[in-house]
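Those protein sequence lines, which keep their order, are chains A and B.
According to the working numbering, the first sequence is numbered sequentially starting from 1.
According to the working numbering, the second sequence is numbered sequentially starting from 1001.
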Amino acid sequence: MNKEDIEKIAHLARLGMTEQERDTYAEDLSRILGLVSQMDAVATNGVEPMTHPDEAILRLRPDVVSLEADRDRLLALAPDSRDGLYLVPKVIE
Amino acid sequence: MRFSGEFPLTLTIAELVQGLTAGQYSSAEIVQDVLRRIEAQPGLNAFITVDRDGAEAAARMADAARARGQNAPLLGVPIAHKDIFCTAGIRTTCGSRMLTDFVAPYDATVVARLNAAGCVPVGKTNMDEFAMGSSNETSFFGPVRNPWDAQRVPGGSSGGSAAAVAARLVPAATGTDTGGSIRQPAALCGITGLKPSYGRVSRYGMIAFASSLDQAGPMAQTAEDCALLLAAMAGFDERDATALTAAVPDYQAALRSPIQGLRIGVVREHFGEGLDATVGDAMQAALREYERLGAKLVDISLPNSGHALPCYYVLAPAEASSNLARYDGVRYGYRAAEYRDLEDMYKKTRSQGFGPEVKRRIMIGTYALSAGYYDAYYLKAQRLRRLIAQDFGQAFESCDVIAGPTAPSPAFAIGAKSDPVSMYLNDIYTIPVNLAGLPAISLPAGFVEGLPVGLQLIGRYLDEARLLNVAHKFQEATDWHRRAPAGF
Chain A
1 MNKEDIEKIA HLARLGMTEQ ERDTYAEDLS RILGLVSQMD AVATNGVEPM
51 THPDEAILRL RPDVVSLEAD RDRLLALAPD SRDGLYLVPK VIE
Chain B
1001 MRFSGEFPLT LTIAELVQGL TAGQYSSAEI VQDVLRRIEA QPGLNAFITV
1051 DRDGAEAAAR MADAARARGQ NAPLLGVPIA HKDIFCTAGI RTTCGSRMLT
1101 DFVAPYDATV VARLNAAGCV PVGKTNMDEF AMGSSNETSF FGPVRNPWDA
1151 QRVPGGSSGG SAAAVAARLV PAATGTDTGG SIRQPAALCG ITGLKPSYGR
1201 VSRYGMIAFA SSLDQAGPMA QTAEDCALLL AAMAGFDERD ATALTAAVPD
1251 YQAALRSPIQ GLRIGVVREH FGEGLDATVG DAMQAALREY ERLGAKLVDI
1301 SLPNSGHALP CYYVLAPAEA SSNLARYDGV RYGYRAAEYR DLEDMYKKTR
1351 SQGFGPEVKR RIMIGTYALS AGYYDAYYLK AQRLRRLIAQ DFGQAFESCD
1401 VIAGPTAPSP AFAIGAKSDP VSMYLNDIYT IPVNLAGLPA ISLPAGFVEG
1451 LPVGLQLIGR YLDEARLLNV AHKFQEATDW HRRAPAGF
């Protein structure tokens, strides 16, 4: 992992990073990927991927409203809101 | 006899329930003493939030209910919740700056069910940030100290819950376990902790880390207490799409089943390289105790369990990177003070709101899921996960439970494991269990140089009753679980 790799991943994850952090993460992530590469020692050809411990088909429920959202209570948790809307910096000039 | 003076919090939940029922003391009296003890131990840093007013009010209500002739299985018993469970009106931080001021608008199902069973919640326990850690050092609120040695970690991520029970501040606490986060701190603090089968306990209102692995469970002094708590926590919940509909058995009744002829599988690979010899000796002694109790030891192998750690460090970060995408500074939680535009707001919010270990895992997960790498990492890990799970299926053909160490060593010093990979190695015996979705319990099984060590028992899918039974029989014959650290 080099600094460019780290920069690219950090952008995908929307994480800001200083120059010094890029060095640290390059080193840490390389070490963790070293651990992860031990998977290569096991032949897994033809093995069905296991997505979940309980692979039963997900339960369905009737398509009716089951929870009334309390808009004002949820909006009160937001860092910034007005007139029933979440506020974010201007996206379109 | 009426109790007076300092309250004996060495009592188990089962004993407290007896005393409350007999009118020896009130919940208000117990809770006063719990609050006094918590406030007398700020150095442990086991709690992030103590809810004095709420606890006193709930205790009064429990006493009033009892006076009216009402009862509930845990009526008046104080409990602490890991700060990963949403609690209406009391902040839920998940050990992170990101959620420092977050007050959830609802209770997690686990919290609601324990309340309905009569529990009195006294506060929220410290934890590794977003449950990512094995030492409690990644918490934004500072490390928790191990009551057996203040220079050592309590384990993690449910370290605050484990330390609080070990120091006898509370008789019970909730925890969550994604790769060992109930069992490893239970082992390092000398208490009993159960990770139920995946789906046994609802995840609704439990802040998500890795959704195919996360599971909530009880932490207490004894297996009997864990049985009482699990009975209240377990069961179907329509608000969790992966909650199981299977009926909840009578865990308490199962405790007394004889274990004569029980076949205990001893995993060859768990007694090899990487295990402290002294911990290995304690495990052998525990296994001999089981032989005395009439169990038979069976040599078994989990050939792929050695690859569980790399498998987990793809799957868990991949799921985490997706789950933690929701923290964007828009709907709730922290938002950076200054930013240029929307993207800059996301980046500053997330880089300031998350600590280093959380960022490492988000980065690993993002990388593993990114275009061109998916097959080599995520798909490969999912295939390996099946092989690891199949090993257990084979092993259980020749045994009823599996026994071995919970962690490779006793509690280590705070700051000793600065390299992430050396920290991850703490969970080599616990992680395979999460990947397979099985239940497992850690129980106190001896001491190494004054520090507790834990025995891990792994069960078949949904066989919590048997695990609790087998652990209870050990605790009837030994007193490791009765030992409390000096000064507590």
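We treat Cβ as the ideally placed atom computed from N, Cα and C, and that holds for glycine.
Quick caveat, the model's predicted, so the values are computed rather than measured.
Other residues of its chain near residue i: CB distance less than 6 Å, five sequence neighbours each side excluded
i                  : result
Glu1006 of chain B : Residue confidence is low: Glu1006 of chain B scores 49 on pLDDT, short of 50, so the model does not pin down where it sits. No coordinate-derived value is stated.
Phe1228 of chain B : In the sequence as displayed, the identity of residue 1228 of chain B is Leu instead of Phe. For Leu1228 of chain B, where only same-chain residues beyond five positions count, the Cβ hits under 6 Å are Ile1013.
Ser1004 of chain B : In this prediction, Ser1004 of chain B scores a pLDDT of 45, lower than 50, which makes its location untrustworthy; the coordinate-derived value is nonetheless stated afterwards. Closer than 6 Å at the Cβ level, and outside the excluded window around Ser1004 of chain B, lies no residue.
Leu1443 of chain B : Thr1192, Leu1455, Ala1471
Arg1460 of chain B : Phe1396
Leu1262 of chain B : Ala1295, Asp1400
Asn1469 of chain B : Ala1254, Leu1255, Ser1257
Met17 of chain A   : Ala10
Glu1238 of chain B : none
Gly1265 of chain B : Val1298, Ile1300, Ala1395, Cys1399, Ile1402
Ala1210 of chain B : Thr1178, Ala1316, Glu1319, Ala1320
Thr1100 of chain B : Thr1093
Supposed close pair residue i, residue j - CB separation, criterion 8 Å
i                  : j                  : result
Gly1217 of chain B : Val1201 of chain B : 7 Å
Glu1289 of chain B : Ala1477 of chain B : 6 Å
Ala1187 of chain B : Gly1155 of chain B : 7 Å
Ile152 of chain A  : Ile1364 of chain B : Here chain A comprises residues numbered 1 to 93, so residue 152 of chain A is not present and cannot be evaluated.
Ala1308 of chain B : Pro1432 of chain B : 4 Å
Ala1131 of chain B : Thr1178 of chain B : 6 Å
Tyr1367 of chain B : Tyr1373 of chain B : 6 Å
Tyr1334 of chain B : Thr1349 of chain B : 6 Å
Asp1051 of chain B : Ala1028 of chain B : The pair is not a contact, with the Cβ atoms about 15 Å apart (cut-off 8 Å).
Leu1011 of chain B : Ala1232 of chain B : That pair is no contact at about 18 Å.
Paired residues, beta bridge with residue i - DSSP
i                  : result
Asp1149 of chain B : B:Asn1146
Phe1085 of chain B : B:Met1206
Val1267 of chain B : B:Ile1300
Pro1121 of chain B : B:Ile1079
Ile1090 of chain B : B:Thr1087
Ser81 of chain A   : A:Tyr86
Ala1413 of chain B : B:Arg1152
Thr1049 of chain B : B:Lys1124
Val1201 of chain B : B:Ala1234
Val1103 of chain B : B:Arg1091
Within-8 Å CB hit, residue i to chain D
i                : result
Leu85 of chain A : In the displayed structure, chain D is absent; the protein chains listed are A and B.
Contacts around residue i, its chain only, beta-carbon distance under 7 Å, and the 5 residues preceding and following it disregarded
i                  : result
Val1031 of chain B : Ala1055, Glu1056, Ala1059, Pro1078, Val1120, Val1122
Pro1196 of chain B : Gln1215, Gly1217, Leu1230, Ala1234, Pro1439, Glu1464
Met1001 of chain B : In this prediction, Met1001 of chain B scores a pLDDT of 39, lower than 50, which makes its location untrustworthy; no coordinate-derived value is stated.
Phe1102 of chain B : Arg1091, Thr1092, Thr1093, Tyr1332, Gly1333
Ala1246 of chain B : Leu1462
Pro1303 of chain B : Asp1391
Close beta carbons around residue i, own chain, < 8 Å, minus the five adjacent residues each side
i                  : result
Ala1172 of chain B : Ile1013, Val1077, Pro1078, Ile1079, Ala1080, Cys1119, Val1165, Pro1218, Met1219, Ala1220, Asp1225, Leu1229
Arg1036 of chain B : none
Arg14 of chain A   : none
Thr1049 of chain B : Asp1083, Ile1090, Arg1091, Thr1093, Gly1123, Lys1124
N- and C-terminal bounds of the beta strand (DSSP E) containing residue i
i                  : result
His1472 of chain B : Note, His1472 of chain B: premise wrong, no beta strand (DSSP E); alpha helix (DSSP H) at 1464 to 1477.
Ile1402 of chain B : 1401 to 1405
Gln1456 of chain B : 1451 to 1458
Leu1342 of chain B : Here Leu1342 of chain B belongs to no beta strand (DSSP E); instead the alpha helix (DSSP H) covers 1342 to 1353.
Leu1194 of chain B : 1192 to 1195
Ala1173 of chain B : 1172 to 1176
Residue interval of the alpha helix (DSSP H) (run including residue i)
i                  : result
Phe1447 of chain B : First-last for Phe1447 of chain B: 1440 to 1448, but that is the beta strand (DSSP E), not the alpha helix (DSSP H).
Ala1220 of chain B : Element bounds for Ala1220 of chain B: not the alpha helix (DSSP H) but the beta strand (DSSP E), 1216 to 1220.
Ala1227 of chain B : 1223 to 1233
Asn1434 of chain B : 1431 to 1436
Arg1036 of chain B : 1027 to 1040
Gly1019 of chain B : 1013 to 1021
Phe1392 of chain B : 1380 to 1395
Val36 of chain A   : 19 to 36
Ser1322 of chain B : 1308 to 1323
Met50 of chain A   : Here Met50 of chain A belongs to no alpha helix (DSSP H), and DSSP marks it neither H nor E.
Pro1420 of chain B : 1420 to 1424
Val1496 of chain B : Here chain B covers residues 1001 to 1488 and nothing more, so residue 1496 of chain B does not appear.
Ser1161 of chain B : 1159 to 1166
Asn2 of chain A    : Counting along the chain, Asn2 of chain A falls outside any alpha helix (DSSP H), and DSSP gives it neither H nor E.
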